[in-house]
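Some notes on the structure that comes next.
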Amino acid sequence: MTEAIEQVLRQLGVGANYKGYRITVFAIALISEDEDRLTSVTKEIYYDVAKLTGCSWTAVERNIRTVVARAWYCNPQKLSQIAGYTLLSAPTASEFLDIVSNYIRRNPPAHNPSTHR
């Protein structure tokens, strides 16, 4: 699952050199385990990711916002394509998490047996 998340982030112009990259991967992975987490983003995602990464929940949100800003700056067309509708402005952090997690759920990575020996 994390490979699919990382692939989408890279398509959006967000590389591992951004601190928010790993944080965003963790957040989207949590959502993929339980989509209902999106109903309470701060408690169900930001707090849990903060525990995993050893930072505050506000730092988690700020770092995800940085990832969103980078994705919007580098590839707003791809972000709109992933969303499935035209985005007129950069999404919020929680909207971004929803967009990417929903995209991955709708487009699961193809299993290639030759790469898993």
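Okay, so the sequence shown: first residue is 638 according to our numbering, each after it adds one. Yeah, the Cβ is synthetic: ideal placement off N, Cα and C, and Gly gets one too.
Within the model, the alpha-carbon separation for K656 versus E698 is close to 12 Å. By the Cβ-count criterion, N700 is buried, with 16 or more other Cβ atoms from all chains shown falling within 10 Å of its own Cβ. Rounded to the nearest whole angstrom, the C-alpha separation of N712 and K688 is 31 Å. Restricting attention to alpha helix (DSSP H) runs no shorter than 4 residues, the stretch 678-739 encloses them at 684-690, 694-711, 713-720, ordered along the chain. By the C-beta criterion, the stretch 703-718 is judged not to be in contact with the stretch 673-690, since fewer than 3 inter-stretch pairs fall below 8 Å.
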